[in-house]
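Trainee: Residue numbers (our numbering): 5 to 337. Glycine residues also receive a C-beta, built at the ideal position from the N, C-alpha and C atoms.
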Ligand code: KG4
Ligand code: ZN
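#1: Using a threshold of 7 Å, is the CB atom of residue 57 nearer than that to any non-hydrogen atom of the ligand KG4?
#2: Secondary structure at residue 323, three-state DSSP: helix, strand or coil?
#3: Can we count residue 42 as close to the ligand ZN, meaning its CB is less than 7 Å from some heavy atom?
#4: Rounding to the nearest angstrom, what Cα-Cα distance links residue 334 and residue 147 in this structure?
#5: Pick from 142, 7 and 254: whose alpha carbon is nearest that of residue 78?
#6: Any idea what DSSP makes of residue 112, helix, strand or coil?
#7: Comparing alpha-carbon positions, which option in 286, 249, 316 and 275 lies nearest residue 300?
#8: On the CB-based measure, 16 or more other CB atoms within 10 Å of its CB, does residue 5 come out buried or exposed?
#9: Which whole-angstrom value describes the C-beta separation of residue 171 and residue 144, a residue pair presumed to lie in contact below a C-beta threshold of 8 Å?
#10: Between 28, 19, 15 and 17, which has its C-alpha nearest residue 312's C-alpha?
#11: State yes or no: is the C-beta of residue 189 within less than 8 Å of the C-beta of residue 244?
#12: Is residue 3 near the ligand ZN, going by C-beta to nearest heavy atom under 7 Å?
#13: Can you check whether the CB of residue 200 is closer than 8 Å to the CB of residue 250?
#14: Leaving aside the five residues before and after residue 169 along the sequence, list all residues of the same chain whose C-beta is less than 6 Å from its C-beta, in chain order.
#15: The ligand ZN and residue 33: does the residue's C-beta get closer than 7 Å to at least one heavy atom of that ligand?
#16: Is there a C-beta anywhere in chain E that falls below 8 Å from the one on residue 157?
#17: Report all residues from its chain with a CB closer than 6 Å to the CB of residue 327; omit the five preceding and five following residues, and keep chain order.
#18: How about residue 217: is its Cβ closer than 7 Å to a heavy atom in the ligand KG4?
#19: Is residue 93 a contact residue of the ligand KG4, with contact defined as CB to any heavy atom under 7 Å?
#20: Please enumerate, following chain order, all residues with a beta carbon closer than 5 Å to at least one heavy atom belonging to the ligand ZN.
#21: Return the residue from the list 41, 31 and 9 that minimises the CA-CA distance to residue 20.
#22: Starting from the Cα of residue 85, find the closest Cα among 224, 306 and 317 and give me that residue.
#23: Rounded to a whole number of angstroms, what is the C-alpha to C-alpha distance between residue 163 and residue 220?
#24: Decide if residue 329 is buried, meaning its Cβ has at least 16 other Cβ atoms within 10 Å, or exposed.
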């Protein structure tokens, strides 16, 4: 039997994304970003996001079909992100996928956005999903997960306050950088001295797997007015170094304690070049296999949702059409 073609829609926040996957082959992955729309407000405005998803969903869907050289009738299953995310944004993608599934009498799959991120490092890796410690670092989440296999996850720890990406974005705002600050802090930090300022490595030595990044933001806020002059590159490099060191140290300890031979890093912040570099060096030194999500799969996209949907279909799963969005959906239970 030919492998079923999966079309997935992701609209959990400010990206309207549609991907089409056949077996292990990504036939299309379209992302329409709303960053420019939200930039004047310094953050995502839910009402603006939902309206733009509504405007973009059909053109993005049609573009994905055109890129894949397929007609809608060729699709074998429809998937959408169920949560977590902004309620009014999630509704657009879920309603679209459900309507298509009903009209074409195909299975529907409601997918957890966090599971999308978590499994994204395994995409295109021979052998696929395998036991690992997963680190999800995004704008909304910082999660360390013991991953046994598809659907078998145990949360080891998470942030107690700001998510890693949120910390990057808040520092970016303090420094007057455009939203979202993460990529700008990364870029500027490449030309700065990471040892110039000694920012706190909060909770690096605690024997749990939780994180806290709000103190780091506060120390930058207090330091700034005291500096007569500063090089923004040094501030970015030093801040980035502090956050990266904590993320790498805790993830390495999770791998040591669980005995997992692999570390899988995902989410928007996993685009960060310093994070990728530090993980690569540290894992090589400890003989741990490192899987980093491909850059285009780090930030929000529908390919990761299609990938999870395909795994779930292979396990014989589908979702009932009455299943509603869940803005606070957890990775486990
Ligand atoms: O995964 P994602 O697209 O959305 C959520 O699910 O939250 O992550 C977006 C986050 C933003 O906070 C953004 O600033 C951050 O990822 N980000 C980065 C980089 N690229 C994106 N943070 C640090 N360095 C980067 N290169
Ligand atoms: Zn995300």
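Mentor: Per the coordinate set shown:
#1: No, the ligand KG4 has no heavy atom inside 7 Å of this Cβ.
#2: Here residue 323 sits in coil by DSSP.
#3: Every heavy atom of the ligand ZN is 7 Å or more from the Cβ of residue 42, so no.
#4: Inter-residue distance for residue 334 and residue 147 is about 11 Å (C-alpha atoms, whole angstroms).
#5: Of 142, 7 and 254, the residue nearest in Cα terms is 7.
#6: Three-state result, residue 112: strand.
#7: Of the listed residues, the one whose Cα sits closest to residue 300 is 275.
#8: Summary for residue 5: the model assigns pLDDT 48, below 50, so the residue's position carries little reliability; its value from the coordinates is reported in the next sentence. Residue 5 is exposed by the Cβ-count criterion.
#9: In fact, because the Cβ distance is near 12 Å, the residues do not count as touching under 8 Å.
#10: Among 28, 19, 15 and 17, the Cα nearest to that of residue 312 is on 28.
#11: Yes, the Cβ-Cβ distance between residue 189 and residue 244 is below 8 Å.
#12: What is shown of the chain runs 5 to 337, which leaves residue 3 out entirely.
#13: No, Cβ-Cβ distance for residue 250 and residue 200 is not below 8 Å.
#14: The residues are 142, 143, 186, 272 and 273.
#15: Residue 33 Cβ: outside cutoff for every heavy atom of the ligand ZN.
#16: Of the chains in the structure shown, none is chain E; there is only one protein chain.
#17: Closer than 6 Å at the Cβ level, and outside the excluded window around residue 327, lie 114.
#18: Annotation for residue 217 indicates a beta carbon at 7 Å or more from all heavy atoms of the ligand KG4.
#19: Incorrect: residue 93 has no Cβ contact closer than 7 Å to the ligand KG4.
#20: Near the ligand ZN, meaning a Cβ closer than 5 Å to any of its heavy atoms, lie the following residues in chain order: 142 and 304.
#21: For the residues 41, 31 and 9, the minimum Cα distance to residue 20 belongs to 41.
#22: Of the candidates 224, 306 and 317, the one whose C-alpha sits nearest the C-alpha of residue 85 is 306.
#23: Between residue 163 and residue 220, the C-alpha separation is close to 13 Å.
#24: By the neighbour-count rule (16 or more Cβ atoms within 10 Å), residue 329 is buried.
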